[in-house]
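Peer 1: Have a look at this one.
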Amino acid sequence: MGWRDVVYGAYERRVLKDLPKEALPRHVAVMLDGNRRWARARGAGTASGHQAGADKIEELLEWCRDAGVEYVTLWLLSTDNLRRAEEELAPLLKIIETAVADLADSGNWQLKIVGALDLLPPDTAASLSASAERTKAVDGMTVNVAVGYGGRREIADAVRDLLLARAAAGESIEQIAAELTVEDIAEHLYTKGQPDPDLVIRTSGEQRLGGFLLWQSATSEFYFCEAYWPDFRHVDFLRALRAYAGRHRRFGG
1 MGWRDVVYGA YERRVLKDLP KEALPRHVAV MLDGNRRWAR ARGAGTASGH QAGADKIEEL
61 LEWCRDAGVE YVTLWLLSTD NLRRAEEELA PLLKIIETAV ADLADSGNWQ LKIVGALDLL
121 PPDTAASLSA SAERTKAVDG MTVNVAVGYG GRREIADAVR DLLLARAAAG ESIEQIAAEL
181 TVEDIAEHLY TKGQPDPDLV IRTSGEQRLG GFLLWQSATS EFYFCEAYWP DFRHVDFLRA
241 LRAYAGRHRR FGG
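Following the numbering used here from start to finish, the sequence shown increments by one per residue and tops out at 253.
Written out as C-alpha cells, the structure is:
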C-alpha cells in the first residue's frame, strides 16, 4: 500500500465519520454516465466501457446499503439509447441482461425493472423480468433498474394506464378530467408506491437530467460528479451524501 492509498483511506474515513446519519437520503437515483468516454480515453472498445460500468454496480449498491439507503434507482439504458447502432446496442443489452441476472443471483436486493419493456427485444425483456421475479421474496434494499427508460414516456404511460383503468370502471372522460389529481397520476408511475428520490447523482461531468425521473425528481437534490461512472469511488459517493446532508431541503418552497 502506497502513501496515496494511506492518505485516501484516512480522508475517506474522515468523510464517513462526519456524515450526519439522521440527514441521509432514503432513495438515491444514479445516472451511470460516461462508460463510452471512459473506454475511449483508454483506447478501448465501447463494450469494454459498458462492461466496466456494469462491474461497478454491485459495489455502489453495497455503499448505499451500508449508508442506510432503502431505495436505489439505476439508469442503465434510455429510450434514446435504443437508437444506437446495432453493433453497439446488441452487446450492451447482453451486458445489462447479465449484470441484472448477477444482481438477482446475489440474493441481496429486491429488483424492479422500470421502463418501456415493449421497446426492448423480447429476449431482453423476458430476461430482465425473470431476474426481477426471482427477487420478489428478498427482504433487502429495493433496486429499480431503469432500462428502455424515458421520463416523458413514463408520464405518458402513467396517464394512459390511468385513463384505461378509469374507463374500465365506467367513468366518462369528463368525469376523469374533472377529478384528476397529481396523486392519481403518481399511482401509475413505474415507481408507484415508493418515495421519490431524495438525491440524484450524475457522473461524467454532465449537468442535466436528460429525461431521468422527470416527475419524481421535482424536489430532489442533485449532485454532479466529474468522474466517469467506471471511475466512481466510494469517496465520491460519500461526498455526494455529505453535500446532500448539508443542504436545507425546501421542497419547492
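Backbone N, C-alpha and C define an ideal beta-carbon position, used for all residues, glycine too. Since the structure is predicted, the reported quantities are computational estimates derived from the model, not experimental observations.
Alpha carbons only, please: which of M31, A137, A227 is nearest the one belonging to L214?
Peer 2: The residue given as residue 214 occupies position 214 in the sequence shown. The candidate whose alpha carbon is nearest that of L214 is M31.
Peer 1: What's the gap between the Cα of A130 and the Cα of R208?
Peer 2: Position 130 of the sequence shown, counted from the start, is the residue given in the question as residue 130. Position 208 of the sequence shown, counted from the start, is the residue given in the question as residue 208. Distance between the alpha carbons of A130 and R208 is about 32 angstroms.
Peer 1: If you run the structure through DSSP and keep just helix, strand and coil, what is S259?
Peer 2: Residue 259 is absent from the structure shown; the chain starts at 1 and stops at 253.
Peer 1: Return the first residue and the last residue of the beta strand (DSSP E) that N35 is part of.
Peer 2: One-based indexing of the sequence shown puts residue 35 at position 35. Premise fails: N35 lies in the alpha helix (DSSP H), 35-41, not in any beta strand (DSSP E).
Peer 1: Less than 8 angstroms between C-beta atoms, sequence neighbours within five positions excluded: which residues of the same chain meet that for Y244?
Peer 2: Stepping through the sequence shown from its first residue, residue 244 is reached at position 244. A23, L24, P25, D198, L199, E221, Y223.
Peer 1: For I113, count neighbouring Cβ atoms within 10 angstroms of its own Cβ and tell me buried if that reaches 16, exposed if not.
Peer 2: To locate residue 113, count along the sequence shown from 1; it is residue 113. Burial call: buried.
Peer 1: Closest to A218 by C-alpha separation, out of A29, D18, R14, K17, would be which residue?
Peer 2: Here residue 218 is taken as the residue at index 218 of the sequence shown, counted from 1. Checking every option, the nearest Cα to that of A218 belongs to A29.
Peer 1: If you draw a straight line from the alpha carbon of C64 to that of Y71, how long is it in whole angstroms?
Peer 2: Here residue 64 refers to the residue found at position 64 of the sequence shown. Here residue 71 refers to the residue found at position 71 of the sequence shown. Rounded to the nearest angstrom, the two C-alpha atoms are 9 angstroms apart.
Peer 1: Put K94 into one of helix, strand or coil per three-state DSSP.
Peer 2: Position 94 of the sequence shown, counting from 1, holds the residue named residue 94. Correct three-state label for K94: helix.
Peer 1: Less than 8 angstroms between the C-beta atoms of N144 and T191, yes or no?
Peer 2: If you number the sequence shown from 1, residue 144 lands on position 144. If you number the sequence shown from 1, residue 191 lands on position 191. Yes, they are a contact pair.
Peer 1: Helix, strand or coil: which one does DSSP assign to Q207?
Peer 2: For this step, residue 207 is matched to residue 207 along the sequence shown. Correct three-state label for Q207: coil.
Peer 1: Please confirm whether W75 and F232 have their CB atoms less than 8 angstroms apart.
Peer 2: If you number the sequence shown from 1, residue 75 lands on position 75. If you number the sequence shown from 1, residue 232 lands on position 232. No, these two residues do not count as a Cβ contact at 8 angstroms.
Peer 1: Using DSSP's beta-bridge definition, name the partner residues of L77.
Peer 2: By 1-based counting over the sequence shown, the position of residue 77 is 77. Paired residue(s): V147.
Peer 1: Suppose the cutoff is 6 angstroms on Cβ atoms and the five residues either side in sequence are ignored; what does the same chain contact list for W38 look like?
Peer 2: Stepping through the sequence shown from its first residue, residue 38 is reached at position 38. Only G49, Y228, P230 meet the Cβ criterion.
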